[in-house]
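The sequence shown begins at 1 in UniProt numbering and counts up by one. Glycine residues also receive a C-beta, built at the ideal position from the N, C-alpha and C atoms.
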Amino acid sequence: MSGRPHVSDRLSSVGNVIDEWLEDATRFTTVQGLARVEAAARARRLAAMVAVLDARQAADGPVERERWYLDNWAAVAAEVGAEANITASAASHQLLIAVALRDRLPRVAAVFADGLVSYRAVEVIVWRTAQTVDPVALAAVDAAVADALVTQAPLSDDALAMAVDAVVDALDPDAIDRTERGAKCRDVTVHYDDVAGTAYLSSTLFGHEAWALEQLVDGMAEAACPSDPR
């Protein structure tokens, strides 16, 4: 389909970016230089994923855009997942991170694009700032975290989560209250349909718990025999 943008098209310049980093890698030790190349390339890949999503939504037109948002998301996740050799579920997770970086944390995204922070650290930051919804507070949190990333030593995942929580608590204490309220309301409910012999789940989970559950269910589904009607 000639009108459909592909991730490979969006990444045509990444090879040049990586070559430039490699040529300049004498400034670093080999591992440090390549780690920075890896992070910068990962940032550009996420940006390309968002570009594909935007193009797909724009192609639908303003009337259909919101109605088909989820279908677009699933289609883009499947497309970029295939091109990146990862599952659609993993691509969907990365797309969530990519959208959050662009729309909510542009300063952190810039640090990531420079290769100064790992993808794993970016994941932690995105999830730990998810409850900040006030634009002014979010901009302040974004700036504070981005500054810390370039001025302080790297932290473990747990230490980084605590550090980001401290920033959020100082700049947007309401976000902590929202998180605590949400945590208290977590539950899993099984709804049975005795007539059909089926059931469905409804639940409220932490984001990382929901992601782990999704991976588990996807794995179970992929392991089933193609002839299994379930």
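Inter-residue Cα distance where the pair is residue i and residue j
i, j, result
"Val122", "Asp169", "19 Å"
"Ser12", "Ala48", "For Ser12, the predicted model reports a pLDDT of 49, less than 50, meaning its position is unreliable; a value from the coordinates is still stated below. Going from the Cα of Ser12 to the Cα of Ala48 covers about 10 Å."
"Ala130", "Val111", "19 Å"
"Ala82", "Val50", "16 Å"
"Ser89", "Glu214", "8 Å"
"Val7", "Ile86", "Low per-residue confidence applies at Val7: pLDDT is 48, beneath 50, and the placement is therefore not dependable, though the value from the model is reported in the following sentence. Looking at the two C-alpha atoms, the distance is approximately 13 Å."
"Leu34", "Asp114", "12 Å"
"Met1", "Asp147", "For Met1, the predicted structure reports a pLDDT of 45, less than 50, and the residue's modelled location is therefore unreliable. A value from the coordinates is still provided. So the alpha carbons of these two residues sit roughly 43 Å apart."
"Ser203", "Val188", "4 Å"
Extent of the continuous beta strand (DSSP E) to which residue i belongs
i, result
"Ser203", "Thr198 to Thr204"
Whether residue i touches residue j by CB criterion (7 Å)
i, j, result
"Leu95", "Ala74", "no"
"Arg128", "Ala161", "yes"
"Arg102", "Ala143", "no"
"Val190", "Leu201", "yes"
"Ser172", "Thr132", "The residue you asked about is not Ser; residue 172 is Asp in the sequence shown. A contact, by the Cβ cut-off of 7 Å."
"Ser118", "Ala40", "no"
Member of the options whose CA lies at the smallest distance from the CA of residue i
i, options, result
"Val145", "Ala109, Asp174 and Ala175", "Ala109"
"Arg56", "Arg42, Asp71 and Arg45", "Asp71"
"Leu116", "Ala88, Ala139, Ala153 and Ser92", "Ala153"
"Val136", "Ala84, Glu79 and Arg104", "Arg104"
"Ala43", "Ala100, Thr30, Val188 and Val31", "Ala100"
"Asp174", "Asp134, Thr198, Ala210 and Val195", "Asp134"
Range of the contiguous alpha helix (DSSP H) that encloses residue i
i, result
"Ser89", "Ala88 to Asp103"
"Leu116", "It is not in any alpha helix (DSSP H) - Leu116 carries neither H nor E in the DSSP assignment."
Any chain B beta carbon closer than 7 Å to residue i
i, result
"Val80", "Although the question refers to chain B, the structure presented lacks it and comprises just one protein chain."
Beta-carbon separation (whole angstroms), residue i vs residue j, contact threshold 8 Å
i, j, result
"Glu79", "Val37", "Not quite, the Cβ-Cβ distance comes to about 25 Å (not below 8 Å), so this is no contact."
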